[in-house]
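J.: Residue numbers for the sequence shown follow the UniProt record's numbering, so the first one is 1 and each next one is one higher.
Even glycine gets a Cβ: it sits at the ideal position worked out from N, Cα and C.
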Amino acid sequence: MTSGTDVEPSMSVDRLRVLREFADRGTIAAVAAALSMTPSAVSQQLKVLAMEAGVALLERDGRRVRLTDAGRALVVRADEVLAALDRAVAEMAHYRGSPRGRVRVAVFPSGGALLLPAVLSALADSGVDLVASDVDLPPSEVSRLLADYDVVLTHRDERAAPIADPRVTVHLLMREPIDVVVAPTHRLAGRTAVTPEELADETWLSVRGGFPIDDVQRSIATLTGVQPRIAQRLNDFRVIENLVASGYGVALMPRYSVAHPELSVLLLTGVRAARLFELAIRPRAEGSPAIAAVIAAFRNAAVGVTAESGPNGR
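(1) Taking the beta carbon of residue 36 as the centre, do at least 16 other beta carbons fall within 10 Å, making it buried, or is it exposed?
(2) So for residue 315, helix, strand or coil by DSSP?
(3) Are residue 258 and residue 151 close, meaning C-beta to C-beta below 8 Å?
(4) Since residue 162 and residue 264 are thought to touch, with beta carbons under 8 Å apart, how far apart are those beta carbons, to the nearest angstrom?
(5) Who are residue 277's beta bridge partners in DSSP?
(6) For residue 215 and residue 49, I'd like the C-alpha separation in whole angstroms.
(7) At what residues does the alpha helix (DSSP H) containing residue 206 begin and finish?
(8) Does the distance from the CB of residue 267 to the CB of residue 192 come in under 8 Å?
(9) Under a three-way DSSP split, which group does residue 285 fall into?
(10) Below 8 Å, can you find three or more Cβ-Cβ pairs linking the stretch 130-146 to the stretch 239-257?
(11) Could you tell me which residues DSSP pairs with residue 59 in its beta bridges?
(12) From residue 119 to residue 236, what distance separates their C-alpha atoms?
(13) Can you give me the start and stop residues for the alpha helix (DSSP H) that residue 20 sits inside?
(14) Would you kindly check if the distance between the Cβ of residue 153 and the Cβ of residue 105 is under 8 Å?
(15) Only counting the same chain, and skipping five residues up and downstream in sequence, which positions put a Cβ closer than 7 Å to that of residue 228?
(16) Confirm, please, whether the CB-CB distance from residue 17 to residue 82 is below 8 Å.
(17) Classify residue 254 as helix, strand or coil using the three-state DSSP reduction.
(18) Cα separation between residue 301 and residue 62?
(19) Starting from residue 266, follow its DSSP beta bridges and name the residues at the other end.
(20) How long is the line joining the alpha carbons of residue 252 and residue 19, rounded to whole angstroms?
(21) Identify, in the order they occur along the chain, each residue of the same chain with its Cβ nearer than 7 Å to the Cβ of residue 158, setting aside the five sequence neighbours on each side.
What follows is the structure in structure tokens.
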């Protein structure tokens, strides 16, 4: 028997999770693959959630579907609900002597090489199981990566706008200057600094577009009015270093990542050249003791790197 008072329908947490997956992955098929469901089951769950919400959550966009304004608003609330549930689980783990649990972390390769050893060492006896994957994607992909990872270590040019996404929280870790590296036989070898104008006629070894090194490269082009002559675009700094050392060009390199003993490292003057290391998580995810422990370990590792470099950053 029911009373004459209207009762608002409740929304299923499991269906909210499906909605969040759709927001992260963009297609019904991708959600189905991630959740080990059939596409028809995913569609049905979203239809039922729309009935529970009392408003359309999806709309046609050509041959695909996309979130409505209401759907996007509900995704933000779904993040809050699921984060609250995660915090509740974490709090119960705290009473069992946590932090404990598995934390999935995506790291860009050079950042992982720099910080991950110290992070893993710090967490060795903590009860936190950090599972790291190297993922070399630009910052624009961070929100998508958080569909599969709890924490994403990313980097951006210091002049680039920070991630502006209500579903992403960013923690700044450190600033790493970007220098010019040349072969020991290069005309500039042995110098301590170089201007962009002195590099206008050089052949460059660079990275793919969308990454901090490429952003600085474009700044040099703006200052000099000369488009750089880029011979190769490679995202592995070890390969770039070896090519530079062999005389195939000059390159921009993050300061703390230079490992080749024969390269001459020059300060680039007249242009802001640095990348920022950042950790991206879902809002309120640090309420999990395990994720908070991982963030703290990365922060301490970053402090260690910058402290070892000395007052001049070397």
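T.: According to the structure data:
(1) Exposed: under 16 other Cβ atoms inside 10 Å.
(2) No answer is possible for residue 315: the residues shown for the chain start at 1 and end at 314.
(3) Between residue 258 and residue 151, the CB-CB gap reaches or exceeds 8 Å.
(4) Not confirmed; about 33 Å, so no contact.
(5) Paired residue(s): 155 and 174.
(6) For residue 215 and residue 49, the distance between alpha carbons rounds to 43 Å.
(7) Element bounds for residue 206: not the alpha helix (DSSP H) but the beta strand (DSSP E), 203-206.
(8) The criterion of a C-beta distance shorter than 8 Å is satisfied by residue 267 and residue 192.
(9) If DSSP states are grouped into helix, strand and coil, residue 285 belongs with the helices.
(10) As far as the Cβ criterion goes, the stretch 130-146 does not touch the stretch 239-257, which means the pair count is below three.
(11) Its beta-bridge partners are 66.
(12) Residue 119 and residue 236 have their C-alpha atoms spaced approximately 22 Å apart.
(13) The continuous alpha helix (DSSP H) containing residue 20 extends over residues 13-25.
(14) Contact: yes.
(15) Counting only Cβ-Cβ distances below 7 Å, and skipping sequence neighbours, we find 204, 217, 220 and 221.
(16) Closer than 8 Å, so yes.
(17) Residue state, collapsed to three classes: strand.
(18) Their Cα atoms are separated by approximately 47 Å.
(19) Beta-bridge pairing links residue 266 to 180.
(20) Each residue's alpha carbon lies about 42 Å from the other.
(21) 175, 272, 274, 275 and 276, listed in sequence order.
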